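Inspection log for the structure reproduced underneath, given as structure tokens.
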Amino acid sequence: QVQLVQSESELKKPGASVKLSCTGSGYSFNSYPINWVRQAPGQGLEWMGWINTHTGNPTYAQGFTGRFVMSLDTSASTSYLQISSLEAEDTAVYYCAREIRSYNYMNLWGRGTTVTVSS
Amino acid sequence: AIQLTQSPSSLSASVGDSVTITCRSSQAVSSVLSWYQQKPGKPPKLLIYGASNLETGVPPRFRGSVSGTDFTLTISSLHPEDFATYYCQQFDNKFHTFGQGTKLEIK
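Chains as they are written, first to last, in the working numbering: chain A, 1 to 119; chain B, 1001 to 1107.
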């Protein structure tokens, strides 16, 4: 079955770090970029960046540099998103999505990981 | 970076109505614009890619079109399951941008 499976919800304190995972199955993982998208409670979709699953090279959106790091374990068909120095404003659902490069659209999404940052 | 302006931000309609959502791009970069539907607690679902190509399995009552920098999503004959939030998304020079969303509610 073609799918992206994301890690479970996280509850973290401000200042902590979290590492989210996104594992692809049923397709050639390193043939399609993986994007990360954030959705704060009651808000719209915010594109965070993408990682080239062939080279491991990440590209970050403005506002998602520094504390946000995308990485890969191609042997495990998994992409990771690490967020450090967590703030309350990082409370959101984080989605990963597979991109089709011919038209640059995202046709396969994970179910999302909810990160709650609270003291 | 591209700016995408979706309008309206919300609209009310009845089952059987037709509605149109517009996404205006700040740059005439290309036709690589996609439309997604999102229901509460669910990930987005791709509807349209390349401005007017219907994703496999999406009903033909969903139609995308483009005129210059204005992209439109038209939903004909609304079904109850169509009431959701819709987003446009465009790609340019390594970066993606999403519109702010249009919430379609039952009148």
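All C-beta atoms in this analysis are idealised placements derived from N, C-alpha and C, irrespective of residue type, glycine included.
As the structure is a computational prediction, the values presented were derived from the model and not from experiment.
For A:A97, which of A:E8, A:S17, A:M48 has the nearest alpha-carbon?
Position 97 of the first sequence, counted from the start, is the residue given in the question as residue 97 of chain A. Looking at the Cα atoms, A:M48 is the closest of the given residues.
Given B:K1039, which residues of its chain have a CB within under 6 Å of its CB, disregarding the five upstream and five downstream residues?
Residue numbering aside, residue 1039 of chain B sits at position 39 when the second sequence is read from its first letter. So the list reads A1084, once near-sequence residues are dropped.
Within-8 Å CB hit, B:S1034 to chain A:
One-based indexing of the second sequence puts residue 1034 of chain B at position 34. Yes, contact with chain A.
Neighbouring residues, chain A, relative to B:K1094 (Cβ below 7 Å)
For the purposes of this step, residue 1094 of chain B is identified with residue 94 of the second sequence, where counting begins at 1. Result: T59.
Of the residues A:A76, A:S84, A:Y103, A:S79, the one placed nearest A:T65, counting alpha carbons only:
Start at 1 with the first residue of the first sequence, and residue 65 of chain A comes out as number 65. A:T65 has its Cα closest to that of A:S84, out of A:A76, A:S84, A:Y103, A:S79.
Below 8 Å between beta carbons: does that hold for A:L86 and A:V37?
Residue numbering aside, residue 86 of chain A sits at position 86 when the first sequence is read from its first letter. Residue numbering aside, residue 37 of chain A sits at position 37 when the first sequence is read from its first letter. Contact flag unset, no.
Is there a Cβ from chain A that is less than 8 Å from the Cβ of B:T1072?
Taking the second sequence and counting its residues from 1, one reaches residue 1072 of chain B at position 72. Chain A, which has no Cβ nearer than 8 Å to the Cβ of B:T1072, makes this no.
Quick one: what does DSSP say A:T65 is sitting in, helix, strand or coil?
Locating residue 65 of chain A in the first sequence gives position 65, counting from the first residue. Correct three-state label for A:T65: coil.
Which one of B:V1066, B:K1045, B:T1072, B:T1056 has the shortest CA to CA distance from B:D1082?
The count along the second sequence starts at 1 and reaches residue 1082 of chain B at position 82. When each option's Cα is compared against that of B:D1082, the closest is B:K1045.
Between B:Y1036 and B:Q1003, which are expected to be in contact by the criterion C-beta below 8 Å, what is the C-beta distance as a whole number of angstroms?
If you number the second sequence from 1, residue 1036 of chain B lands on position 36. If you number the second sequence from 1, residue 1003 of chain B lands on position 3. Not a contact, Cβ separation roughly 18 Å.
Closest to A:N30 by CA distance: which of A:G56, A:V69, A:S7 is it?
Taking the first residue of the first sequence as position 1, residue 30 of chain A is located at position 30. It is A:G56.
Local Cβ density within 10 Å of A:T53, reported as buried at 16 or more and exposed below that
As a working note, residue 53 of chain A is residue 53 in the first sequence. A:T53 should be labelled buried.
With 16 other CB atoms within 10 Å as the buried threshold, where does A:S79 fall?
Taking the first sequence and counting its residues from 1, one reaches residue 79 of chain A at position 79. Under this definition A:S79 is a buried residue.
Continuous beta strand (DSSP E) assignments of at least 3 residues falling wholly in the region 1013 to 1076 of chain B
1019 to 1025, 1033 to 1038, 1045 to 1049, 1062 to 1067, 1070 to 1075
Can you tell me where the beta strand (DSSP E) with A:P58 in it begins and where it stops?
Within the first sequence, numbered from 1, the residue matching residue 58 of chain A stands at position 58. Taken as a continuous stretch (DSSP letters only), the beta strand (DSSP E) holding A:P58 covers 58 to 60.
Any contact of the region 12 to 32 of chain A with the region 1003 to 1021 of chain B, i.e. 3+ C-beta pairs under 8 Å?
no
To the nearest whole angstrom, what separates the beta carbons of B:F1095 and B:C1023, a pair I think is in contact under 8 Å?
As a first step, residue 1095 of chain B must be located in the second sequence, where it is residue number 95. As a first step, residue 1023 of chain B must be located in the second sequence, where it is residue number 23. So it is not a contact: roughly 16 Å between Cβ atoms.
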